[in-house]
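Just below is one structure, and these are the notes that go with it.
Take a look at the structure:
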């Protein structure tokens, strides 16, 4: 058997893979629909960070690292407990059921693979934490990843935000149009409010998530700084780098505390304050000459339960108080909890799927809840609502590990001070490699947005991260109990915050928390875990780890080839739509007299080059080519047609059948069809038609409508139904002669309203359209429903209807009654849904 103090090369490689793949997740933004998260014909959306296939590759690397670690530990007889393995596999089954039994499984696969790999990594850390060296490496790596995130947060608040907000104000109309919003819409108002707030969000894009990691890092680094004073001064003086480790711990603690403040999360402040208080108490009791009081030892498991259920109870109490207090952040989370509980009760066996919570929540939420959220902001309820009883298995794992982490607070701190310090170079090499890999990889992934400031952040974060990891290693050599205690307090703070926000289900952040929790929950070195007898065959000892590894790999291995094809097709489609966007924007700038350095001659030259390149691509795709243009307007119209047509061709190849593709892609495809039809009409009007284009514009628009209709049938969500209505109404306003556009749009709004029974948006759209179509009785019913629902939006006025829309609806209601003989079913008022406020 391999000695406990010498991890095998496989275990070392597993640690490096775990920390490196986690770091790539933490240091890279998520780009779920490369190039198409906004309308690519209006604004560019550079493809940066982790696309779906790259994110899944990170999940695979995390899984392989955890698997290597488990298999290496199995070689000396250590393996997960049977109950832990069973609970983990039940959760994997729950995720897999949604991926394998649904046609539109993209969202469930990408998010489910991230969840599964993160919990598998936590399981590996739980076993590896029994080994003092592996525990130290994992904890050092986790803390060593934080300085870069903290520096990123500081730069976001001080430098990035003013530039971003200034850019938004300068191009506000284009940005809102690229998202498909009107300036006075609730979505546009909420977006402007969010972008105007200077918050540190890291690469997550979520301040609450960053605050979790920063608050926990603050607790851990403060604990490391305090640990030094408990080490024998004579031993401390023998370390030539003693000041380096101490200053690094203090500097990282100050940086993480500052980043918590930059994030501005009230929950982060609470975790930081409560964690530091618990740290002081636990350290004081652990360093007493006598053992910790018996009462303290008995209470510590209850602290784990308190960390899990305390925040949930606090939010529930805030919900009972209701609107009598002006505080809203906890109140809206109480709404999320109630909605999640209703979703679970409606789908108790399988849940609704990792990515399907939002649509289920909108049907059952409280009428005065203004937001339609994709998560209940509570880890336990999220797993329960999305995975049903299978998710409860994962909930049980989180709770058990929280209790195990809390138990370590009462373990005596037995000094293990060596006669002399062991060499640091081997540890720093391994940890430096693990921290440097994500710095390099993430810099490559986001090279298009790299600036000197970003480069400085990454280099500074790397140096500080390696020093922070070194301080963990050095202090663990003398007082491992104190270091473990600080980690346990940080883990309890993390799991508490996971019950009121999104850290526990956010890719990257979830894995960080689970690795920290797994390390903290492992038995102490003074209480080694039961091992298999030496006579047990290694294959039998490795079987549980192998089963868990294969189960975790099954989902991403199944999904990865198709996700990769989808990813590459979107990249190709984004490339060919660039001439449409860029040349149209330049022409508009020239015509408006603000060319920003462009000239007509340069524009004509670039237009000619783009026309030739697109003509070659059209020829390769065996698509009809137009006659050579004789003017700049003709050439631009032809470029627009060819660019849109080629983009559509590549999007069609991204996912088959296309109706089961992610909604964002299908909506983009239908939007492109309309843009192609418009450009084709312009080309015909300018005398530069394409072959056989007579009547083609209306046929193309009909194809766009049918595409949106198929999407709304296969994936009948409120968003898809609303998009069909918006598309039909836009074509109707444009003067299209496609049959039935008005009734089709009206019916789509009606069905969308039934999917979101407490939102005034779709009833208001239905009312305005019905009035335009002359269906006045129906319009009044829709208008009354919209105004009644709008009255419930008092908690967030920005979520309500614009004043101009309210005025129009009131005019519709005040109009003289007319009997139109409508056969449409009016939207029911909120009171008919059987939910109180």
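In my numbering, the protein residues as written are 7 to 843.
Glycine included, each C-beta is placed from N, C-alpha and C at the ideal position.
- A residue is called buried once 16 or more other Cβ atoms fall within 10 Å of its Cβ, and residue 37 is buried on that count.
- Contact between the segment 315-326 and the segment 334-342 is present: three or more C-beta pairs spanning the two stretches fall below 8 Å.
- Excluding sequence positions up to five before and after residue 181, its CB lies within less than 7 Å of the CB of 49, 174, all in the same chain and listed in chain order.
- The Cβ-Cβ distance between residue 30 and residue 447 falls below 9 Å.
- Minimum Cα-Cα distance from residue 333 among the listed residues 272, 207, 219 corresponds to 272.
- In the DSSP assignment, residue 753 falls within the unbroken alpha helix (DSSP H) covering 747-761.
- Rounded to whole angstroms, residue 134 and residue 46 show a C-alpha spacing of 47 Å.
- Here the alpha carbon of residue 123 sits roughly 14 Å from the alpha carbon of residue 114.
- A check of alpha carbon separations from residue 377 across 398, 356, 343 identifies 343 as the nearest.
- Ranked by Cα distance from residue 441, the first of 13, 681, 21 is 21.
- For residue 13, the closest alpha carbon among the candidates 505, 78, 385 is that of 78.
- Residue pairing from DSSP places residue 56 in a beta bridge opposite 36.
- The three-state reading of DSSP puts residue 290 in helix, counting H, G and I together.
- Between residue 409 and the set 482, 526, 506, 58, the nearest pair of CA atoms involves 526.
- In this chain, residue 453 is not harboured by any alpha helix (DSSP H), its DSSP state being neither H nor E.
- Residue environment: residue 120 is assigned as buried (16 or more neighbouring CB atoms within 10 Å of its CB, all protein chains considered).
- Counting along the chain, residue 662 sits inside no alpha helix (DSSP H), nor does DSSP assign it H or E at all.
- Distance between residue 485 and residue 583, taken at the CA atoms: about 60 Å.
- Taking a C-beta distance under 9 Å as the contact criterion, residue 475 and residue 150 qualify as a contact pair.
- With distances taken between CA atoms, residue 654 lies nearest to 683 out of 635, 638, 683.
- For residue 678, the closest alpha carbon among the candidates 214, 703, 662 is that of 703.
- Judged by DSSP in its simplified three-state form, residue 594 adopts helix.
- When rounded, the separation of the alpha-carbon atoms in residue 258 and residue 347 is 40 Å.
- The Cβ-Cβ distance between residue 129 and residue 84 does not fall below 9 Å.
- Across the structure, residue 783 and residue 790 are spaced so that their CA atoms are roughly 11 Å apart.
- Spatial neighbours of residue 204 in its own chain (CB-CB distance under 6 Å, excluding positions within 5 residues in sequence) are listed in chain order as 163, 167.
- Distances from the CA of residue 302 to each of 202, 775, 284, 229 were compared; the closest alpha carbon is that of 284.
- Cα atoms of residue 195 and residue 177: separation of roughly 15 Å, rounded to the nearest angstrom.
- Residue 387 sits in a helix when the DSSP states are folded into three classes.
- Per DSSP, residue 788 is one residue of the alpha helix (DSSP H) stretching across 782-797.
- Contact check between the segment 625-642 and the segment 682-696: three or more CB pairs, one atom from each, fall below 8 Å, which counts as touching.
- Contact annotation: residue 437 and residue 147 have beta-carbon atoms nearer than 9 Å.
- Buried is the label assigned to residue 136, since at least 16 other Cβ atoms lie within 10 Å of its Cβ.
- For residue 503, the enclosing alpha helix (DSSP H) has its first and last residue at 486-503.
- Proximity of the segment 737-755 to the segment 771-780 meets the contact definition, three or more beta-carbon pairs being nearer than 8 Å.
- For the 9 Å CB-CB criterion, residue 792 and residue 804 do not form a contact.
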